[in-house]
Each structure stands twice: as structure tokens, then as C-alpha cells.
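See below for the structure under consideration.
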Amino acid sequence: MVVDGGENCVYDIFAVADDDFGLIFPSGTDVAFIEDIERRPNAESVIEALKRAWSRRIPKCEAVGIHGCSTSYTTSESTTQRCGTRKL
């Protein structure tokens, strides 16, 4: 699932291959903030994995479980307080 910073936004769900999921959500995490991704040594590979996901949107009525959440905006203190960890 991708969450953007809008106050009134839609949360889209995307399918990703297992390898791409491992790039986006390393070490057992299932939350990825864009500023964390940008600091990773493999940031370019992660961005490419996210780009592949954009073409694989899944209608919510067809989703069977959500296994990770990536934000496409920079976190603020309030966002970090709401999310708390990198694990749902």
C-alpha cells in the first residue's frame, strides 16, 4: 500500500514481486518512508522496484492481505508519532 501526504487522499494497493518486496522492506520491516529509502546504499534499486509496482495497482475489492506500506512523502514528527516503528 502506498500512502501520500495529502489530507484527503486515496491509499492505493500494488502487487510486487517477492524480490522487489525484499528491496522495499528489508530485514523484516513492512513500513518504508521515502527519506529512509533515499538514504539506503541501494536506493536506486529500491526506486526502480517502486516504479515497477506503479503498473501493478490492485483494486481494493480484489486485495487479499496487505503486507507492507510505503509512504511517498517526507515524514514529519506527527507522522513518526502516528507510525511509531517500521513494522505494522
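Counting in our numbering, the sequence shown runs from 13 upward without gaps.
Glycine included, each C-beta is placed from N, C-alpha and C at the ideal position.
Ordered along the chain, which non-local residues of its own chain (more than five positions away) have a Cβ less than 7 angstroms from that of residue i?
i      : result
Ile-70 : Ile-25, Phe-26 and Ala-27
Ala-29 : none
Alpha carbons only, please: which of the options is nearest the one belonging to residue i?
i      : options                           : result
Glu-47 : Ala-55, Gly-40 and Thr-41         : Ala-55
Cys-53 : Ile-78, Ile-36, Gly-77 and Glu-74 : The question names Cys, yet the displayed sequence has Pro at residue 53. Nearest of Ile-78, Ile-36, Gly-77 and Glu-74 to Pro-53, Cα basis: Ile-36.
Ile-59 : Lys-72, Ala-44 and His-79         : Ala-44
Val-32 : Arg-64, Val-76, Glu-74 and Cys-81 : Checking the sequence, you will find Asp at residue 32 rather than Val. The candidate whose alpha carbon is nearest that of Asp-32 is Arg-64.
Gly-34 : Ser-57, Val-22 and Arg-68         : Ser-57
Glu-50 : Gly-40, Leu-62 and Arg-68         : Leu-62
Excluding sequence positions up to five away, which residues of its chain have a Cβ less than 6 angstroms from the Cβ of residue i?
i      : result
Ser-90 : The predicted position of Ser-90 is uncertain, since its pLDDT is 48 and thus under 50; a value taken from the coordinates is nonetheless stated next. Answer for Ser-90: no residue qualifies.
Gly-80 : Phe-37 and Asp-42
Per DSSP, which residues does residue i bridge with? Please list them.
i      : result
Phe-26 : Arg-69
Grab me the residues of residue i's own chain with a C-beta within less than 8 angstroms of its C-beta, minus the 5 sequence neighbours each way, in chain order.
i      : result
Glu-74 : none
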